[in-house]
Every structure is written in structure tokens, then in C-alpha cells.
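A quick write-up on the structure given underneath.
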Amino acid sequence: MATLKEKKHMSAVADLGCAVCRRMGYEGTPAELHHPRKLAGGWGRSSHMLVIPLCPEHHRGNKGLHGLGTKGFEKYYGYDEAALLKDTLSLLGDPYQEQQED
22 MATLKEKKHM
32 SAVADLGCAV
42 CRRMGYEGTP
52 AELHHPRKLA
62 GGWGRSSHML
72 VIPLCPEHHR
82 GNKGLHGLGT
92 KGFEKYYGYD
102 EAALLKDTLS
112 LLGDPYQEQQ
122 ED
């Protein structure tokens, strides 16, 4: 269950729009949240504070993270989940770091 702070963060992340579309020059594409497994050690999901906004195509579509797989996605686009997460956190400040300080 997400805390109030996590829910606010996830809402702010979704409001950014798709991270892949943004890199392609398309701002504000509606996004759903992706929890990178790689950041959770390959098991389960990452923290709610470490989510990436992706449109349905770049999340679940044939040319998305789940469609291509993490290695295929990186090969196709030339960047990985960590780069998209870094972009996301930099746009918001770094709320994950702030959470660790609480």
C-alpha cells in the first residue's frame, strides 16, 4: 500500500508524461507508471518513489519495455530504464533522496 507521500509523488510523475516520448520531442503524452525491476534486484518491483512515466505503447506495447524486454528496449532506443529514471527524478528534484532524509 502506497503512503500519501508516495501517492503524491506517483501523481507528479504521471503528470510529466511519457519519458520516452519526451526524449523524442513529444511533450505531455499521457503516462502510466512503470516500476523498473532491475532497480529492485530483478525481483518484485522498485519503490513507488522510483517509477518511470511511460505511455501505454512505450510501457506495454510492441516497442515498449515489456514488449521488447529491457535488453531489447535499450538496444532499440539507445538508453535504459536507469537513464529514464534519472531524467524523471531530475525534472522533479530527487524525491527519493528526500524520502531517505525523512
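Position in the sequence shown (first residue = 1) + 21 = the numbering used here. Think of the CB as a built atom: it goes at the ideal place given N, C-alpha and C, for glycine as much as any other residue. The structure presented is a predicted model; accordingly, all values stated were derived computationally and were not measured.
Here's the rule I'm using: 16 or more other beta-carbon atoms within 10 Å means buried, otherwise exposed. How should residue i be labelled?
i	result
T24	exposed
L86	buried
E102	buried
L112	exposed
S32	exposed
Tell me whether the beta-carbon of residue i lies closer than 8 Å to the beta-carbon of residue j.
i	j	result
L54	T109	no
I73	P57	yes
Y98	V41	yes
G90	R81	no
Per the DSSP calculation, residue i is bridged to which residue(s)?
i	result
L106	None, per the DSSP bridge assignment.
E53	L75
Under a three-way DSSP split, which group does residue i fall into?
i	result
L37	coil
M45	coil
Y98	helix
H30	helix
G90	helix
Legend entry - the stretch 65–82 in contact with the stretch 27–47 per 3-pair CB rule at 8 Å: Contact holds between the stretch 65–82 and the stretch 27–47, because three or more Cβ pairs, one in each stretch, are under 8 Å apart.
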